[in-house]
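Under UniProt numbering, the residue at position 185 of the sequence shown is numbered 185, and the numbers go up by one with no gaps. We treat Cβ as the ideally placed atom computed from N, Cα and C, and that holds for glycine. Note that the structure is predicted; figures quoted are calculated from it, not measured. One structure below.
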Amino acid sequence: MSKFKESFIELNGRERAKAILDSGTGIELLDPFEGMKSPHLEPQGIVPQNDDGVIVIKGEIDGKRVVVISIEGSFQGGGIGEVSGAKIAGALELALKDNREGKKIVPVVVFDTGGVRLQEANYGLLSIAEIQGAIVALNEYVPTIGIIPGKVGGFGGMSITAALFSHVMMTPSGRYGLNGPEVIEQEAGVRELDSSDKKMIWEMIGGTQRVKTGLVDALVEDDIDEILSIIKKAMKEHPVKNRTEEINFYLTLINKAFSQDTFTPKDYEKLYHHLKEQEVEELPKERVKGSNQKEDQSRGRKWFEALTSVQSPSGWASTVLSHSDENENYIAVVPDSCSRFKRARHGEVGLYEGWKIAQTVQEFIKRDEKNEKKRAIIAVIDVPSQAYGYKEEVLGINVALAASVNMLAKARLYGHPVIGFIPGNAISGAFLALGLQANALLSLDDDKINVQAMSKKSAARITKRTIRELEEATKKVPAMAYDIHSYKTLGALSQLITNINGEDPSEEDIHIVKDALITSIHDVQNRNDRSLSIRLETKEALLGGRKASIEVRERMKKQWN
Numbered sequence: 001m002s003k004f005k006e007s008f009i010e011l012n013g014r015e016r017a018k019a020i021l022d023s024g025t026g027i028e029l030l031d032p033f034e035g036m037k038s039p040h041l042e043p044q045g046i047v048p049q050n051d052d053g054v055i056v057i058k059g060e061i062d063g064k065r066v067v068v069i070s071i072e073g074s075f076q077g078g079g080i081g082e083v084s085g086a087k088i089a090g091a092l093e094l095a096l097k098d099n100r101e102g103k104k105i106v107p108v109v110v111f112d113t114g115g116v117r118l119q120e121a122n123y124g125l126l127s128i129a130e131i132q133g134a135i136v137a138l139n140e141y142v143p144t145i146g147i148i149p150g151k152v153g154g155f156g157g158m159s160i161t162a163a164l165f166s167h168v169m170m171t172p173s174g175r176y177g178l179n180g181p182e183v184i185e186q187e188a189g190v191r192e193l194d195s196s197d198k199k200m201i202w203e204m205i206g207g208t209q210r211v212k213t214g215l216v217d218a219l220v221e222d223d224i225d226e227i228l229s230i231i232k233k234a235m236k237e238h239p240v241k242n243r244t245e246e247i248n249f250y251l252t253l254i255n256k257a258f259s260q261d262t263f264t265p266k267d268y269e270k271l272y273h274h275l276k277e278q279e280v281e282e283l284p285k286e287r288v289k290g291s292n293q294k295e296d297q298s299r300g301r302k303w304f305e306a307l308t309s310v311q312s313p314s315g316w317a318s319t320v321l322s323h324s325d326e327n328e329n330y331i332a333v334v335p336d337s338c339s340r341f342k343r344a345r346h347g348e349v350g351l352y353e354g355w356k357i358a359q360t361v362q363e364f365i366k367r368d369e370k371n372e373k374k375r376a377i378i379a380v381i382d383v384p385s386q387a388y389g390y391k392e393e394v395l396g397i398n399v400a401l402a403a404s405v406n407m408l409a410k411a412r413l414y415g416h417p418v419i420g421f422i423p424g425n426a427i428s429g430a431f432l433a434l435g436l437q438a439n440a441l442l443s444l445d446d447d448k449i450n451v452q453a454m455s456k457k458s459a460a461r462i463t464k465r466t467i468r469e470l471e472e473a474t475k476k477v478p479a480m481a482y483d484i485h486s487y488k489t490l491g492a493l494s495q496l497i498t499n500i501n502g503e504d505p506s507e508e509d510i511h512i513v514k515d516a517l518i519t520s521i522h523d524v525q526n527r528n529d530r531s532l533s534i535r536l537e538t539k540e541a542l543l544g545g546r547k548a549s550i551e552v553r554e555r556m557k558k559q560w561n
């Protein structure tokens, strides 16, 4: 007689968390009776929820201490806003503190999320970066376990987060990718991806395919006992080399995949296993010249050249420029209209860029490995978005961006001051990949700079609003706005540098920005704090820009022990 299976997918978020805990061990932190709901939804005519769609329960699995974090996909599509993001980040930060003090506790996260909650856009991006930073740090101590059961799936910035976990499992019903099918269709056109073709989408990003191609560790049936069995096994396996550190393998795979005219999920599966059976040698690091085409002279490229005094700079890829001197390392992603990766020709962070950022930062880390004083890493940020494309999703662009997040977070944790300088746009997953792991963020005070989670067209489509309605909502919630002044009110910027010509900087402009960067580096070194907590301590954050983020952490800390 076969065992009766109990569905995990059909449970709500709170039931899922309780289902995998030892009976009688769960204590929920900031439960609905605490009333920690988003303050940003009601002004937009949206009914909030008292747990903001995230359930955090401390308990035990097989007698071992765990904190289970479950995202409720039925509330706002599992989107991450300020309160929900602070609950996840706050719990992981407390778990990290425990582990550093020798009190082992394993985080288990149930993903059912579309990524950033667009009604709180920049709050979502900041929270996701803080979650990612905590996961990278936790991986040094304990297994980090992610479950993608089904319904919504794991998308957006949270798919980058999931790729950082040491163990990820999915059911066949789950979907897992950076860009949702509707967003790819909106940004790249129906010829690139037809979002109505459900069969094709599951073949691309469904659980079965993701496990077959190594982007996920285990395929599990929709059964509580089976999921629990895999969790218990994962809790015993540590340390594990994260797939985001298999840089040479994935660069080789991408090179081969993009040399093929047609490329299906089956082709990827075949290529993946063929390469896995071989010993992938370290790729030659030949520096290539950046583009000299007029249309490729972005702000990011101009400021990289201005700050490094390197004309016609080179890098490990034509779109990823890097330079090192005695005191600093610089990195930037720039356009190349001739790039063979057509979805990343305008400064987007694509598959190749994600892995190349990781490779470059890894080199920065290696050079200073034996030095007590680590050189600063300055990321020049002018990125319009991540790349939107069919091949990008098939090959796991979320893992490529997670690779860059992982290396930049590690550099910061190893003692490199990581500074993000924004002379251009800082949008979506590209901003997560290149800038949001920085100890400090500086920006030009410039009306042409946009900072946001998604393009206006896609944000309007996903939130079912017109662009005019979207723009009206930004007047009530600064986190939804695209301009740098609204972003400054959230407390994430260390400095807004005024009276600078962003398009054509003078020698004096360059000197002022260099001085600001040097001051920021010294501030990071003097602070001697390798976390991202400074964003919660700036004047703007304390005056209300991160009020809910701070309150969530304070209240959770009181309940933790």
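According to DSSP, D483 shares a beta bridge with N450. The distance from the Cβ of S455 to that of S385 is about 7 Å, consistent with a contact at the 8 Å cut-off.
Here the region 395–412 makes contact with the region 163–178; the two share three or more CB pairs at distances below 8 Å. The secondary-structure analysis by DSSP pairs Q386 across a beta bridge with V349. For A492, no alpha helix (DSSP H) encloses it, and the DSSP letter there is neither H nor E. Annotation: the continuous alpha helix (DSSP H) that includes F304 extends over 299–308.
The closest CA to that of N99, considering only V67, G78, I71, is found on V67. Where R65 is concerned, the enclosing beta strand (DSSP E) starts and stops at 64–71. In the structure shown, the three-state DSSP call for M170 is strand.
In the DSSP assignment, H416 is bridged to no other residue. If you look at L11, you'll find it isn't in any alpha helix (DSSP H); DSSP assigns it neither H nor E. Unbroken alpha helix (DSSP H) stretches of 4 residues or longer found wholly inside the region 192–250: 198–205, 207–212, 224–235, given in chain order.
Close CB contacts of G156 within its chain, under the 6 Å cut and outside five residues either way in sequence, are with G114, G115, V116 (chain order). Spatial neighbours of R412 in its own chain (CB-CB distance under 7 Å, excluding positions within 5 residues in sequence) are listed in chain order as V418, Q437, N439, R530. For G124, the closest of L441, K476, F431 by C-alpha to C-alpha distance is F431. Contact between the region 210–222 and the region 420–431 is absent: fewer than three C-beta pairs spanning the two stretches fall below 8 Å.
For the set S520, E507, K514, the Cα lying nearest the Cα of Q495 is the one of S520.
Under the rule that a run must span 3 or more residues, the beta strand (DSSP E) segments found entirely inside the region 19–107 read 27–29, 54–61, 64–71. Closest in alpha carbon position to V334, among T360, Q260, G300, is G300.
Classified as buried, P107 has 16 or more neighbouring CB atoms from the shown chains inside 10 Å of its CB. In the assembly as shown, D296 is a buried residue. Its beta-carbon has 16 or more other beta-carbons within 10 Å.
If you ignore the 5 residues before and after L275, its C-beta comes within less than 7 Å of the C-beta of F249, T252, L253, all in its own chain and listed in chain order. In terms of CA proximity to E507, S309 leads the group K233, S309, L92. Here D52 has K37, S38, V83, S84 as same chain residues with Cβ atoms under 6 Å from its own Cβ, once five neighbours each way along the sequence are excluded. The C-beta distance from D336 to S312 rounds to 13 Å, too long to fall under 8 Å, and the pair is not in contact. Taking 9 Å as the cut-off, the beta carbon of E348 is found no closer than this to the beta carbon of V320. Annotation: S486 to E279 spans about 50 Å, alpha carbon to alpha carbon.
In the three-state reduction of the DSSP assignment, R117 falls in the coil class. Straight-line measurement puts the Cα of H522 at about 43 Å from the Cα of G73. In terms of Cα proximity to K475, the closest of P43, I534, I512 is P43.
Beta-carbon to beta-carbon, L164 and T244 are separated by about 6 Å, close enough to satisfy the 8 Å threshold.
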